[in-house]
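Just so you know, we're using this note's numbering here: the sequence shown kicks off at 10 and counts up by one.
Remarks on the structure that follows.
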Amino acid sequence: MPFLIVGHTHEDIDAKFNEVSRLLNTKDAEYFDDFVKVLKNAERITLLFDVKSWIDGELNKVDHVTQQLHFKFVSVDGGVKVFYKGIQSQPWSALNWNFLNIAPSGKPGILKPNFSKIEIDKNVKQIEALKLIFKKQDSRQKWLQFYESLNSNMERLDSGEFRLTLLPRQPIMQSFPPGQEMVPKEHELIEKENRQPLVSFFYNRVIYC
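Here's what the structure looks like:
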């Protein structure tokens, strides 16, 4: 699990956001349902699990992870051992502690919705002011019903299945000799990552007369 270098943190999700932006330039999405239809293979999320509270009691405080780091988690004698290193070419070092004291028991509860930061009255007034912009006649009414339902939704918590335990385990991949099964672009990326940066320091000298 590598921490990406500052300034080079673009991932696949960034390309997806760009794709959504292009779609909204050609298609209208005036309400949630319209937005889901515009996106490919999208679905609305109706609940979230409170994972933070679930692991909070067993989670250790982690410091000094702001630099480029790689982490490796290895199963050892029924437990998990954590290793880390800086750039890709450096050797692995073992941590003398773990991120979790023990694996949390049970499953996380459902996170209760909190709409306290939504200015409902202000948003309703804005909808009324922009009602002539809506192309669909029922879009305005859907938004009004949405804001009217926020308070009632705070009291209704749906049950759901925690899917983390259902995910397939990553198989252990056999390593291959350096250079094998690599395309030239991969060689270039590895060489770039292994380069040691040269840092120069310039000091301002102040002369008092």
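Yeah, the Cβ is synthetic: ideal placement off N, Cα and C, and Gly gets one too.
Please report how far the alpha carbon of residue i lies from the alpha carbon of residue j, in whole angstroms.
{"i": "L33", "j": "V47", "result": "8 Å"}
{"i": "G95", "j": "L104", "result": "13 Å"}
{"i": "F108", "j": "G115", "result": "18 Å"}
{"i": "S199", "j": "K70", "result": "For the sequence presented, residue 199 should be read as Ile rather than Ser. Approximately 32 Å, taken between the alpha carbons."}
{"i": "D59", "j": "W101", "result": "33 Å"}
{"i": "D43", "j": "D37", "result": "7 Å"}
{"i": "K121", "j": "A138", "result": "31 Å"}
{"i": "I111", "j": "M10", "result": "20 Å"}
{"i": "P63", "j": "D72", "result": "According to the sequence provided, residue 63 is Trp. The question's Pro does not apply to it. Near 21 Å, if we compare the C-alpha coordinates of D72 and W63."}
{"i": "D21", "j": "W106", "result": "32 Å"}
{"i": "E52", "j": "V45", "result": "6 Å"}
{"i": "K90", "j": "I129", "result": "48 Å"}
Taking DSSP as the reference, what is the three-state secondary structure of residue i?
{"i": "K90", "result": "strand"}
{"i": "K81", "result": "strand"}
{"i": "I111", "result": "coil"}
{"i": "A38", "result": "coil"}
{"i": "P193", "result": "helix"}
{"i": "F58", "result": "strand"}
{"i": "I142", "result": "coil"}
{"i": "L198", "result": "helix"}
{"i": "A51", "result": "coil"}
{"i": "L68", "result": "strand"}
{"i": "S102", "result": "strand"}
From this set, the options, which residue's C-alpha is nearest residue i's C-alpha?
{"i": "L57", "options": "G118, A51, A112 and D65", "result": "G118"}
{"i": "K201", "options": "I127, W152 and S98", "result": "S98"}
{"i": "K49", "options": "S62, I64, E195 and V29", "result": "V29"}
{"i": "K239", "options": "E39, Y93 and L141", "result": "The first residue shown for the chain is 10 and the last is 218, placing residue 239 beyond what the model contains."}
{"i": "E67", "options": "V91, A51, P113 and T35", "result": "P113"}
{"i": "Y93", "options": "K194, E195, E197 and F12", "result": "F12"}
{"i": "T55", "options": "D65, K61 and F41", "result": "F41"}
- prompt: If we count Cβ pairs, one from each stretch, closer than 8 Å, do we get three or more for the segment 133-141 versus the segment 149-160?
  reply: At 8 Å Cβ cutoff, the stretches touch.
- request: Pair every Cβ in the segment 134-148 with every Cβ in the segment 80-87, then say whether three or more of these pairs are closer than 8 Å.
  value: Under the Cβ criterion (8 Å, minimum of three pairs), the segment 134-148 does not count as touching the segment 80-87.
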